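Encoded as structure tokens, the structure appears first; notes follow it.
Number of protein chains: 2
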Amino acid sequence: MTYIAPIKDMLFVLEELADIAKTSTLPGLEDATLETAHAVLEEAAKFTSEIVAPLNFEGDKNPSAWQDGNVITTPGFREAFHQFAAGGWQGIVHPTEFGGQGLSKLIATPCTEMQNAANMSFALCSFLTDGAIEALLTAGSTELKERYLPKLISGEWTGTMNLTEPQAGSDLSLVSSRAVPGDDGTYAVFGTKIFITYGEHDMASNIVHLVLARTPDAPAGVKGISLFVVPKFLVNEDGSLGGRNDVRCLSIEHKLGIKASPTAVLQFGDNGGAVGYLVGEENRGLEYMFIMMNAARFAVGLQGIGVSDAAYQKAVTYAKERVQSRPVDGSSRQPVAIIHHPDVRRMLTTMRALTEGARALAYVAAAHLDYAHYAADSATRDSHRALYEFLVPIVKGWSTEMSLEVTSLSVQVHGGMGFIEETGAAQFYRDARILPIYEGTTAIQANDLVGRKTLRDGGATARVILEAVAKTLAELESIDAGEAGNACRAMHGRLKDGLKALTDAVHFVLDTNRHDPNAVAAGGVLYLKLAGVVLTGWQMARALVVAVRKRTGAPDFYGAKIATAHFFADYILPQAPALAASILSAKDGEASLALAEDDF
Amino acid sequence: MTYIAPIKDMLFVLEELADIAKTSTLPGLEDATLETAHAVLEEAAKFTSEIVAPLNFEGDKNPSAWQDGNVITTPGFREAFHQFAAGGWQGIVHPTEFGGQGLSKLIATPCTEMQNAANMSFALCSFLTDGAIEALLTAGSTELKERYLPKLISGEWTGTMNLTEPQAGSDLSLVSSRAVPGDDGTYAVFGTKIFITYGEHDMASNIVHLVLARTPDAPAGVKGISLFVVPKFLVNEDGSLGGRNDVRCLSIEHKLGIKASPTAVLQFGDNGGAVGYLVGEENRGLEYMFIMMNAARFAVGLQGIGVSDAAYQKAVTYAKERVQSRPVDGSSRQPVAIIHHPDVRRMLTTMRALTEGARALAYVAAAHLDYAHYAADSATRDSHRALYEFLVPIVKGWSTEMSLEVTSLSVQVHGGMGFIEETGAAQFYRDARILPIYEGTTAIQANDLVGRKTLRDGGATARVILEAVAKTLAELESIDAGEAGNACRAMHGRLKDGLKALTDAVHFVLDTNRHDPNAVAAGGVLYLKLAGVVLTGWQMARALVVAVRKRTGAPDFYGAKIATAHFFADYILPQAPALAASILSAKDGEASLALAEDDF
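First to last, the sequence lines map onto chains R and B.
In terms of full-length UniProt numbering, the first sequence opens at residue 1 and continues consecutively.
In terms of full-length UniProt numbering, the second sequence opens at residue 1 and continues consecutively.
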């Protein structure tokens with residue numbers, strides 16, 4: 001078995017840290033209980049480990065291929081996607097009104113993690129389809145919704161997001177694709193889009209492209225971008241498929257990783273214009289895109305967690321099998337499995353601690369989104385939405401950056417074998433490398449965390465979170481730790497230092513941005529990483545508190561939680577003061593930006 | 001141009017930090033002056049940028065291929081290697097007695113860096129040949145030396161190191177290849193060796209394998225390993241080539257990176273035994289191998305520095321060309337080249353600072369080796385050898401670990417384009433990943449630093465280095481810093497903290513190892529990284545002192561040195577206390593090793 005979903009760990013987070021008992025009291029989520037979660041996770045684990053994971057290595061070896069405008073995906077992908085659709089997995093979180101299962105984000109989240117752990121390339125198809133569904137749910141007309149949503153949600157069709165152009169990557173103000181209105185209410189769409197994930201493939205009968213383009217009289221910049229539906233095959237009134245639309249796949253990219261997922265160059269309108277349907281209102285495309293984007297960014301964070309767990313599992317398996325060298329403490333005269341060597345143990349525990357911390361923070365964020373959607377009163381919805389949106393760039397940025405370290409450590413644990421492609425550890429290292437880049441680089445996430453999430457409300461949301469961390473510190477002080485005393489003391493000390501570091505950084509951002517935005521921007525990514533270290537450490541501290549209360553004393557699940565939290569405290573959290581020192585040092589702007597362009 | 005050797009930076013280190021004026025007063029190195037260095041580096045820069053670097057991307061796309069036991073290297077490699085040989089580059093550091101140039105290690109070191117920056121796969125061939133030369137120089141009989149050294153040093157033949165077997169990776173005590181003595185003084189060698197770099201290829205007329213194997217009555221473990229020369233083609237009395245020896249290349253590996261360099265599985269003795277010649281004495285193979293190994297490990301450190309510089313240069317070029325987004329400080333209403341964005345600037349400066357620091361430490365180590373070889377009195381030789389050997393695992397471990405970060409940042413600077421293989425940034429990321437693994441993983445380097453380098457002399461060498469750092473701190477205090485006052489203050493504060501952190505860690509290692517070796521081993525890699533951060537930071541501080549004295553005030557070479565050192569102080573050195581905190585936390589052994597095997 002190449003990947004086994006850590007259901008017990010996932011349920012622990014759902015129950016103890018994200019409090020699913022409480023989210024399942026929200027109106028509309030009455031069925032989304034812990035029991036439901038357990039059943040859904042069991043099914044998802046079965047599907048991902050039996051059907052999806054076995055295709056992962058094959059997809060890397062035998063990636064999607066382009067021929068005459070068509071893309072042939074890896075053998076097995078098409079059939080697996082049909083099973084995915086038949087299982088209702090595409091619709092898990094989407095409204096029952098359009099055929100979805102209407103479950104909570106909290107239950108959908110571990111399922112998304114599993115899919116990505118099993119096979120990131122495969123999971124990307126449903127990932128992009130989710131984005132298209134979100135966009136239509138947010139801003140689509142009733143007609144667009146009725147025509148497209150049921151087939152997207154059933155998995156019969158798939159979706160894409162068409163943002164990037166050769167000259168417009170992170171900066172969407174440079175988008176130059178055109179959409180010319182016709183007499184019939186449709187638009188003729190022209191332009192070239194690049195980096196379009198699953199922009200062409202053979203896994204579904206139609207592809208629904210969501211495309212950013214400008215109408216003729218649109219203002220310049222981001223305020224003149226509109227969003228259009230451009231289906232690969234036109235859709236008749238009765239929902240049946242019509243003729244081929246004027247969009248062609250010119251090529252697919254030769255990539256470092258996620259090779260099975262085709263990354264397409266799409267050409268719109270070479271034969272008179274692709275037929276497009278406006279989503280919502282003209283010139284509001286970026287706004288709609290940002291709604292999709294928050295969901296997509298959160299999901300990329302889950303990809304980072306998933307690939308980390310897969311890389312961790314592979315390294316653990318190898319470390320238990322590979323026998324090499326006698327133990328350093330002289331406890332055996334024979335070579336032992338390398339998991340007994342302290343440095344291998346440290347690497348594996350680092351991987352585990354980083355992954356568990358990121359998972360916990362992501363699931364807690366998902367619970368906030370459930371409140372934001374389902375809570376009865378708007379004040380509750382708003383406060384939870386603010387917390388969710390604060391956490392999204394951290395979940396995206398931190399979980400993906402840490403996945404680089406975790407997948408790298410997996411290669412390292414494998415030693416020389418890790419460098420051989422047949423071993424499979426290298427694939428995770430290559431696959432993960434896209435995660436801090438797409439759906440907004442880590443710097444873009446940091447800009448978001450600084451600008452929209454920290455500065456815009458004057459630090460109000462940040463303060464709510466800092467106070468919550470302080471509350472956990474108080475719990476750690478008051479708990480009867482018993483044998484876990486050292487773990488609790490270590491966590492209390494390190495988390496307290498971490499809280500101070502993060503608090504200092506929040507104040508620095510708030511105090512400095514107006515007069516020295518460059519200094520804040522120079523430390524933006526470090527601020528995001530600091531938040532990642534401290535807030536995932538906070539979740540580990542919360543897990544520690546639960547485990548201390550529930551432990552039996554014998555080595556067990558809770559004992560492992562205590563040990564992992566202790567490790568996180570001593571080996572990960574010390575990074576926090578170091579990051580804060582760098583962030584705050586930018587005050588004079590000297591070190592960070594003193595080198596002139598010509599000096600490089 | 002894909003790579004331009006940073007000659008000015010290199011000469012700065014040779015002159016100001018490694019004090020080439022002084023090493024060139026050593027008996028035998030009178031010609032190895034700064035002027036010689038300048039001339040040699042100019043030639044090396046020309047050769048590597050014009051001949052070697054242009055083959056790098058091609059080697060990745062069109063790697064070495066195996067067919068019927070033969071290996072066909074990338075088109076162009078063979079010709080380039082002949083030019084390399086004709087230029088005398090293989091022999092640069094080797095004795096004139098056997099046709100080498102007899103230059104100092106200090107002058108050879110930047111040349112090695114350049115070769116690896118230009119094309120790591122290509123450079124590996126001469127790298128392994130150097131290892132074979134070292135082994136023969138150290139322990140070979142006069143006959144072996146005369147027969148093999150001139151052709152290896154001229155580059156007519158190449159060499160390999162055959163250590164690893166499927167069951168014997170890091171643990172050479174498990175080596176099971178056999179060498180049976182014959183009546184004529186030769187041995188019949190049998191066994192399978194894996195991961196043999198350039199174990200088979202078409203770039204030279206013969207390959208001289210240095211092979212670890214056991215004689216029939218050898219003791220078990222590492223004390224029963226002997227070293228043999230096993231040439232691909234037998235060599236006649238007159239030096240001409242004879243028949244094919246009984247060694248075959250069974251296959252080559254499909255690797256994550258350094259794809260152009262063939263990594264061979266070699267089978268010895270399937271047809272009665274490969275003819276082998278004992279090097280030195282029986283059962284002393286590991287000892288000889290360790291002499292080669294120190295040189296090889298140092299060279300792997302240079303590979304890390306080289307690939308980092310290449311990745312840095314590529315990122316700088318892209319960042320100056322790619323226009324995207326308006327500046328965050330509102331200084332332009334138009335999108336600007338991304339080098340103007342603070343986070344890109346931070347990434348580029350991080351890459352630059354890490355690379356410069358590692359380069360300086362490596363070159364300083366090379367100078368110690370020159371003293372160890374050439375100093376007139378043995379006390380001087382011994383003290384410098386101790387310093388060199390202390391620094392080798394740090395140069396190897398730190399320079400390679402940091403190369404993972406630098407090559408990853410290069411991908412990140414390129415954004416989505418970084419993930420596309422045609423861009424070339426991904427190749428550095430893949431190539432670099434072997435560096436912390438081969439010639440001893442970072443954990444093996446850490447064991448060496450802890451055991452042979454710190455504990456064995458009771459911390460004496462470590463103390464010499466700590467005192468030297470303190471001396472630089474005193475210089476920083478007394479210098480007239482002028483406009484560089486902030487840089488000097490920042491460096492002084494951070495380096496002082498770093499020195500304390502490293503001092504604490506040295507004491508921890510000395511105090512703890514006897515009663516709790518697992519606690520030391522759990523933090524071994526962190527101890528190595530701490531030494532890397534502090535000692536490369538120390539070199540940056542020394543560079544800062546020089547630059548402050550020589551600066552003109554205008555933006556210039558020395559101004560850039562000051563800014564880079566300032567950045568290193570504020571953005572890299574703060575990691576030191578964090579690393580020390582983790583190392584020292586292992587005191588109770590709880591957090592690092594509390595998870596049981598079954599918990600994973």
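The C-beta atom is built at its ideal place from N, Cα and C for all residues, glycine as well.
Predicted model only: the values in this text are computed from it and were never measured.
I'd like to know if A474/R contacts chain B, where contact means its C-beta is closer than 8 Å to some C-beta of that chain.
Indexing the first sequence from 1 puts residue 474/R at position 474. No - not a single Cβ of chain B is within 8 Å of the one on A474/R.
What residues of chain B sit near V525/R, judged by a beta carbon separation below 9 Å?
Along the first sequence, one-based indexing puts residue 525/R at 525. D343, R346, M347, listed in chain order.
Quick one: is R147/R buried, meaning 16 or more other Cβ sit within 10 Å of its Cβ, or exposed?
Within the first sequence, the letter at position 147 stands for residue 147/R. Flag for R147/R reads buried.
Interface residues of chain R facing L174/B [CB-CB closer than 8 Å]
As a first step, residue 174/B must be located in the second sequence, where it is residue number 174. The answer, in chain order, is Q324, P335.
Are any of the Cβ atoms in chain R nearer than 8 Å to that of S177/B?
In the second sequence, residue 177/B corresponds to position 177, counting from 1. Not an interface residue.
Using a Cβ cut-off of 8 Å (strictly closer), state whether I153/R contacts chain B.
Here residue 153/R is taken as the residue at index 153 of the first sequence, counted from 1. So no, I153/R is outside the interface.
In whole angstroms, give me the CA-to-CA distance for G306/B and N116/B.
Stepping through the second sequence from its first residue, residue 306/B is reached at position 306. Stepping through the second sequence from its first residue, residue 116/B is reached at position 116. Here the C-alpha atom of G306/B lies approximately 5 Å from the C-alpha atom of N116/B.
Kindly say whether A596/R, judged by its beta-carbon, lies nearer than 8 Å to any beta-carbon of chain B.
Here residue 596/R refers to the residue found at position 596 of the first sequence. Cβ-Cβ to chain B under 8 Å: yes for A596/R.
Can you round the beta-carbon distance between residue 610/B and G191/B to whole angstroms, since I take them to be within the 8 Å contact cut?
Past the edges of chain B, shown from 1 to 600, lies residue 610/B, and the structure says nothing about it.
Leaving out the 5 sequence neighbours to the left and right, which residues in its chain are closer than 7 Å to T74/B when beta-carbon positions are compared?
If you number the second sequence from 1, residue 74/B lands on position 74. For T74/B, the CB contacts under 7 Å within the same chain, skipping 5 residues up- and downstream, are L55, E58, G59, N62, P63, S64, A260 in chain order.
Below 8 Å CB to CB, which residues in the same chain sit around A218/B once its five sequence neighbours on both sides are set aside?
On the second sequence, position 218 is the one that residue 218/B refers to. Closer than 8 Å at the Cβ level, and outside the excluded window around A218/B, lie G224, I225, S226, E282, N283.
Looking only at DSSP bridge pairs, what is P231/B linked to?
Here residue 231/B corresponds to residue number 231 of the second sequence, with the count starting at 1. DSSP, once it has assigned bridges, lists V208/B as partnering P231/B.
Distance, Cα to Cα, A5/R vs F127/R?
Here residue 5/R corresponds to residue number 5 of the first sequence, with the count starting at 1. Here residue 127/R corresponds to residue number 127 of the first sequence, with the count starting at 1. Near 19 Å, if we compare the C-alpha coordinates of F127/R and A5/R.
Report all residues from its chain with a CB closer than 8 Å to the CB of L476/R; omit the five preceding and five following residues, and keep chain order.
Taking the first sequence and counting its residues from 1, one reaches residue 476/R at position 476. Counting only Cβ-Cβ distances below 8 Å, and skipping sequence neighbours, we find C488, M491, H492, L495, A541, L544, V545.
Within the UniProt domain "Acyl-CoA oxidase/dehydrogenase middle" (161 to 269) of chain R, ranges of the beta strand (DSSP E) (whole runs, at least 3 residues)
The beta strand (DSSP E) runs lying completely inside the UniProt domain "Acyl-CoA oxidase/dehydrogenase middle" (161 to 269) of chain R and spanning 3 residues or more are 178 to 181, 187 to 197, 206 to 213, 226 to 231, 233 to 235, 241 to 244, 247 to 252, 263 to 268, given in chain order.
Just how far apart, CA to CA, sit Y3/R and A375/B?
Indexing the first sequence from 1 puts residue 3/R at position 3. Indexing the second sequence from 1 puts residue 375/B at position 375. Taking the straight line joining both Cα atoms gives about 58 Å.
Meets three-Cβ-pair contact criterion under 8 Å: the stretch 94 to 110 of chain R and the stretch 37 to 49 of chain R:
With the cut-off at 8 Å, the stretch 94 to 110 of chain R and the stretch 37 to 49 of chain R touch.
DSSP-derived helix/strand/coil call for V93/B
The count along the second sequence starts at 1 and reaches residue 93/B at position 93. Coil at V93/B, not helix or strand.
Cβ neighbours of residue 636/R in the same chain (closer than 6 Å, five flanking residues each side left out):
For residue 636/R there is no data in the structure shown, the boundaries of chain R being 1 and 600.
How about S24/B: is its C-beta nearer than 8 Å to some C-beta of chain R?
Here residue 24/B refers to the residue found at position 24 of the second sequence. Nearest CB-CB separation between S24/B and chain R: not below the 8 Å threshold.
Do you know offhand how far E439/R's Cα is from L409/R's?
Counted from its first residue, the first sequence places residue 439/R at position 439. Counted from its first residue, the first sequence places residue 409/R at position 409. Distance between the alpha carbons of E439/R and L409/R is about 25 Å.
Between the beta-carbon of M203/R and the beta-carbon of G304/R, is there less than 8 Å?
Position 203 of the first sequence, counted from the first residue, corresponds to residue 203/R. Position 304 of the first sequence, counted from the first residue, corresponds to residue 304/R. In terms of Cβ geometry, M203/R and G304/R do not form a close pair [threshold 8 Å].
Taking contact to mean 3 or more Cβ pairs, one atom from each stretch, closer than 8 Å, check whether the stretch 442 to 454 of chain R and the stretch 526 to 536 of chain R are in contact.
Touching, yes, given that three or more Cβ pairs across the two stretches are closer than 8 Å.
Distance between beta carbons of G99/R and I153/R, contact taken as under 8 Å
Translated into positions along the first sequence, residue 153/R becomes position 153. Translated into positions along the first sequence, residue 99/R becomes position 99. The pair is a contact, with the Cβ atoms about 5 Å apart (cut-off 8 Å).
Among D31/R, E597/R, G458/R, whose alpha-carbon lies nearest the alpha-carbon of V316/B?
To locate residue 316/B, count along the second sequence from 1; it is residue 316. Considering only alpha carbons, the answer is E597/R.
Can you give the Cα-Cα distance for P436/R and I572/B, rounded to whole angstroms?
Reading the first sequence from its first residue, position 436 is the one you call residue 436/R. Reading the second sequence from its first residue, position 572 is the one you call residue 572/B. Spanning the two alpha carbons is a distance of roughly 21 Å.
Let's test the definition: count the other Cβ atoms within 10 Å of the Cβ of P393/B and tell me whether it reaches 16, buried, or not, exposed.
Sequence index remark: in the second sequence, residue 393/B carries index 393 (1-based). The residue is buried, with at least 16 neighbouring Cβ atoms inside 10 Å.
If we count Cβ pairs, one from each stretch, closer than 8 Å, do we get three or more for the stretch 580 to 589 of chain R versus the stretch 19 to 29 of chain B?
Because the criterion of three Cβ pairs below 8 Å is not met, the stretch 580 to 589 of chain R and the stretch 19 to 29 of chain B do not touch.
DSSP state of L278/R mapped onto helix, strand, coil:
Here residue 278/R refers to the residue found at position 278 of the first sequence. Strand, per DSSP.
Could you please give the first and the last residue of the uninterrupted alpha helix (DSSP H) stretch that includes G546/R?
As a first step, residue 546/R must be located in the first sequence, where it is residue number 546. The sequence given here places Val at residue 546/R; Gly does not occur at that position. 524 to 550 is the extent of the alpha helix (DSSP H) around V546/R.
Quick check on this structure: which residue in M289/R, A220/R, G301/R has the alpha carbon closest to the alpha carbon of A432/R?
As a working note, residue 432/R is residue 432 in the first sequence. Selected option, being the one with the closest Cα: G301/R.
Residues near E156/B by beta carbon distance below 7 Å, same chain, minus five either side:
Numbered from 1 along the second sequence, position 156 holds the residue referred to as residue 156/B. Result list for E156/B: A85, A204, S205, in chain order.
Since Y312/B and M351/B should fall inside the 8 Å C-beta cutoff, what is the C-beta to C-beta distance between them, to a whole number of angstroms?
Counted from its first residue, the second sequence places residue 312/B at position 312. Counted from its first residue, the second sequence places residue 351/B at position 351. In this structure Y312/B is in contact with M351/B, their Cβ atoms being roughly 4 Å apart against a cut-off of 8 Å.
So that I know if they touch, is there some Cβ in chain B lying closer than 8 Å to that of H566/R?
Within the first sequence, residue 566/R is the residue found at index 566, counting from 1. Yes, its Cβ sits closer than 8 Å to a Cβ of chain B.
One question on the structure: do L210/R and N162/R come within less than 8 Å of each other, judged by their Cβ atoms?
Here residue 210/R corresponds to residue number 210 of the first sequence, with the count starting at 1. Here residue 162/R corresponds to residue number 162 of the first sequence, with the count starting at 1. For L210/R and N162/R, yes; Cβs fall inside 8 Å.
Beta carbon of L391/B nearer than 8 Å to that of G459/B
Residue mapping note: residue 391/B aligns to position 391 of the second sequence, counting from 1. Residue mapping note: residue 459/B aligns to position 459 of the second sequence, counting from 1. No, the Cβ-Cβ distance between L391/B and G459/B is not below 8 Å.
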